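Written below as structure tokens is the structure these notes are about.
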Amino acid sequence: MAQTSPEQSVRPRVAIVGPGAIGTTVAAALHAVGRTPLLCGRTARDGLELSTADAVIEVPGPVHTDPADIGGTVDLVFLAVKATQVDAAAPWLAALCHSGTVVCVLQNGVEQLAAVGPHAPAGAVLPAVVWFPAETQQNGSVRLRGPARLTLPNLPAARIVVDVLDGTLCAVELAPDFTSVAWRKLLQNAMAGLMALTGRRAGMFGRDDIAELSLDYLRECLAVARAEGAVLGDEVPRQILEAFQAFPPDQGTSILADREAGRPLEWSIRNDVVRRRGRARGIPTPISDIVVPLLAAASDGPG
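Residues in the sequence shown are numbered from 1 upward in steps of one, following full-length UniProt numbering.
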């Protein structure tokens, strides 16, 4: 009978809920260093595949589809479902979490605590900012087009994530001012909504008219972010635009992929949050007032 080393006996048990582009990247990062996680999702699969510039990583399955079949709780859950799928993922959290389980939310927006908190143990939800370009391919595999990095708030709960991902292809950094980091990423996500409206990829930001609109929109979002406590300079809108302009022209984003696939869009947590919080603070958001209804209609219909 194989012996278990002391290191293996204390290694945290980890689950990935939502093995899409982000979840597959984290699962592959863990598997590549011998820390294969439990995989949980809506669709049964034999395994996952991640392609990077240097390698193809195949993560063995199965992808479990029934919370009753997982065989106990885990110490860390990476929740990688879309914001529109949180309620549907609640049975997974109920089955996977014990009183000390940390739920690291790999999700867009600045409202992860409010969305996921009701479904997780008290005080266990850890928001994260995801900084990597991962795209699902037509065959179901995932392509990682750049370095993978997560930013977490500098809280005690983050320690398990740092330890679990130590030495993997996914770097982790702790931010003393997580609010500013999260809002900066939200500005980037909000602007990406323009790609869903046009049906175009990153090359569209090379157009002068789109660049001008993007800057105006980002400055509107910046005013709201600052009112919410983010410390972000006047240079941030230009930096975000230039980053999009530097992407390969064919690079997409998750909200564009959802639009192309006819899936619901995360318009509320990526775009409407700016309008909602702007209104609450008396800040005009004229561009959001146009962008949000168009995204909502593109997502939810009717028509």
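Cβ atoms here follow ideal geometry from the backbone N, Cα and C, with glycine treated the same way. Being a predicted model, the structure only gives us computed values, none of them experimental.
#1: Quick check on the burial criterion: 16 or more other C-beta atoms within 10 angstroms. Buried or exposed for Ile290?
#2: Comparing alpha-carbon positions, which option in Glu49, Arg200, Ala120, Asp69 lies nearest Pro60?
#3: Looking at C-alpha atoms only, which residue of Phe132, Thr101, Leu144 is the closest neighbour of Gly72?
#4: Would you kindly check if the distance between the Cβ of Val105 and the Cβ of Ala128 is under 8 Å?
#5: Identify the continuous alpha helix (DSSP H) that holds Glu220 and give its terminal residues.
#6: Can you tell me which of Gly34, Arg35, Leu144 puts its alpha carbon nearest to the alpha carbon of Ile56?
#7: How far does the alpha helix (DSSP H) with Asp87 in it extend, from its first residue to its last?
#8: Across the stretch 187-196 and the stretch 238-257, are there enough close Cβ pairs to call them in contact, namely three or more that are closer than 8 Å?
#9: May I have the straight-line CA-CA distance separating Arg45 from Arg281, to the nearest angstrom?
#10: Taking Phe132 as part of the alpha helix (DSSP H), name the residues at either end of that continuous run.
#11: Per DSSP, what kind of secondary structure is Val56 in: helix, strand or coil?
#12: Are the C-beta of Ala32 and some C-beta of chain C separated by less than 8 Å?
#13: If we count the other Cβ atoms within 10 Å of its Cβ and call it buried at 16 or more, is Pro19 buried or exposed?
#14: Using 8 Å as the threshold, is the C-beta distance between Glu58 and Gly41 below it?
#15: Does DSSP put Glu260 in a helix, in a strand, or in coil?
#16: Going along the chain, which residues of its own chain have a beta-carbon closer than 6 Å to the beta-carbon of Leu165, five neighbours each way excluded?
#17: Express the C-alpha separation of Gln137 and Ala53 in angstroms, rounding to a whole number.
#18: Does the Cβ-Cβ distance between Val125 and Val110 come in under 8 Å?
#19: Using the Cα positions of Ala68 and Leu38, report the straight-line distance between them to the nearest angstrom.
#20: Count the other CB atoms, across all protein chains shown, that sit within 10 Å of the CB of Val63; report buried if there are 16 or more and exposed otherwise.
#21: With a cut-off of 8 Å on the beta carbons, I'd call Leu222 and Leu241 a contact; round off their distance for me.
A quick look at the data gives this:
#1: exposed
#2: Glu49
#3: Thr101
#4: yes
#5: 208-227
#6: Correcting the residue identity first, residue 56 is Val in this sequence and not Ile. Of the listed residues, the one whose Cα sits closest to Val56 is Leu144.
#7: 86-96
#8: yes
#9: Each residue's alpha carbon lies about 46 Å from the other.
#10: Per DSSP, Phe132 lies in no alpha helix (DSSP H) and is assigned neither H nor E.
#11: Looking at Val56 - three-state DSSP - the assignment turns out to be strand.
#12: In the structure shown, chain C cannot be found, because there is only a single protein chain.
#13: buried
#14: Taking 8 Å as the cut-off, the beta carbon of Glu58 is found no closer than this to the beta carbon of Gly41.
#15: Helix at Glu260.
#16: Val172
#17: Cα-Cα distance, rounded: 15 Å.
#18: no
#19: 13 Å
#20: Buried is the call here.
#21: With a Cβ gap of about 12 Å, Leu222 and Leu241 do not count as contacting.
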